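Remarks on the structure that follows.
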Amino acid sequence: MKVAIYDLDKTLVRRATFTPFLAFAARRIAPWRLVMLPVWVLMMVGYRLGLYDRTTLKTRGMNLMLGRPDLARLEAVGEAFAEHHLERAGWIGKVVAMVEQDRAEGSALVVATAAFEFYARAFARRLGIEDVIATRWDGSGIPGGNCYGEEKRRRVAEWLEGQGEVSSVRFVSDSFADAPSLEQADDAVFVTANPRKKARAEARGWRVIEGL
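222 is the number of the first residue of the sequence shown in this note's numbering; add one for each residue after it.
Below, the structure written as structure tokens:
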């Protein structure tokens, strides 16, 4: 079996999803919390300064902007958000064309993303992809940590082990944080329109698709 694994933000979808999701969801779940958006911006600055990790940042962001809605509510809002975000940002056409090529060749398709599972699945469904490896949310925290970097590689490897005989793996991403997964793939594909990132990716032996 051949497997093709795709990141979500800036790989399949043109723009990042988490901050837009927080704002979109807050409008529907707790509109008064929109006044906290400047605090969220400061929290992102704190992360960039190394004051805490991504798991902590995303946990605090969820609690700050949304409180503790149940998972069913988040999934419903996530469905609406996917439609809204795609109307404004859209897919990256060259990458979606690769998805369709992989589908036609009989590859198993997977979305592997640091985005939360409750809305990542809504994006994946629009591409006809059932298997999603993503960050989990238990109502107040992130069990197992953010699905990012080495943790994403570990979860992808765990998923692959459960699939039986896998003949080849294609991994597609726009982020050097996914280097652990890209390095283990038979076909590593990097998505970028940035010349410097393109050169870095090609120096590592990865194919490059321009993310236009």
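Note that CB positions come from ideal geometry on N, CA and C, so glycine has one too. Only a predicted model underlies this, so the values are computations on that prediction, with no experimental measurement involved.
task: Please determine, among Q322, A335, T277, the residue with the shortest C-alpha to C-alpha distance to R391.
output: Q322
message: Helix, strand or coil for S186? Go by DSSP, reduced to three states.
response: With the chain running from 222 to 433 in the structure shown, residue 186 is simply not present.
Residues near P241 by beta carbon distance below 7 angstroms, same chain, minus five either side:
H306
request  = Put W427 into one of helix, strand or coil per three-state DSSP.
outcome  = coil
Starting from T276 and walking both ways along the beta strand (DSSP E), at which residues does that stretch end? Not the beta strand (DSSP E): T276 falls in the alpha helix (DSSP H), residues 275–287.
Quiz item: To the nearest whole angstrom, what separates the beta carbons of I354 and W380, a pair I think is in contact under 8 angstroms?
Solution: 6 angstroms
- prompt: If you count every other CB in all the chains shown that lies within 10 Å of the CB of Y227, and 16 or more means buried, which is it?
  reply: buried
### Beta-carbon proximity check, R294 vs I363, cutoff 9 angstroms
no
Buried versus exposed call for L403 [16 or more other C-beta atoms within 10 Å across all chains shown]:
buried
- State the Cα-Cα distance for the pair R289 and R375, rounded to the nearest angstrom. 28 angstroms
Item checked: Proximity to A301 [Cα-Cα], best of L270, Y340, L278 -> Y340
**Report entry** Residue range of the unbroken alpha helix (DSSP H) whose run includes R248
**Finding:** 239–250
Below 9 angstroms between beta carbons: does that hold for I313 and R235?
yes
Quiz item: For A420, does the count of other Cβ atoms within 10 angstroms reach 16, so buried, or fall short, so exposed?
Solution: exposed
**Asked** Which partner residues of R309 appear in the DSSP bridge assignment?
**Response** Answer is none; R309 lacks a bridge partner.
Exercise for review: Please name the residue in D395, V410, A333 whose C-alpha comes closest to that of A378.
Suggested key: A333
- Nearest residue (CA-CA) to V260, options G370, K223, K315, R281: R281
### Simplified DSSP assignment, three categories, for R235
coil
Which of the three DSSP states is assigned to D399 in this structure? helix
Practice item. Determine the burial state of K315: buried for a count of at least 16 other Cβ atoms within 10 Å of its Cβ, exposed for fewer. Key: exposed
*In the DSSP assignment, find the unbroken alpha helix (DSSP H) run with D323 in it and report its ends.*
314–325
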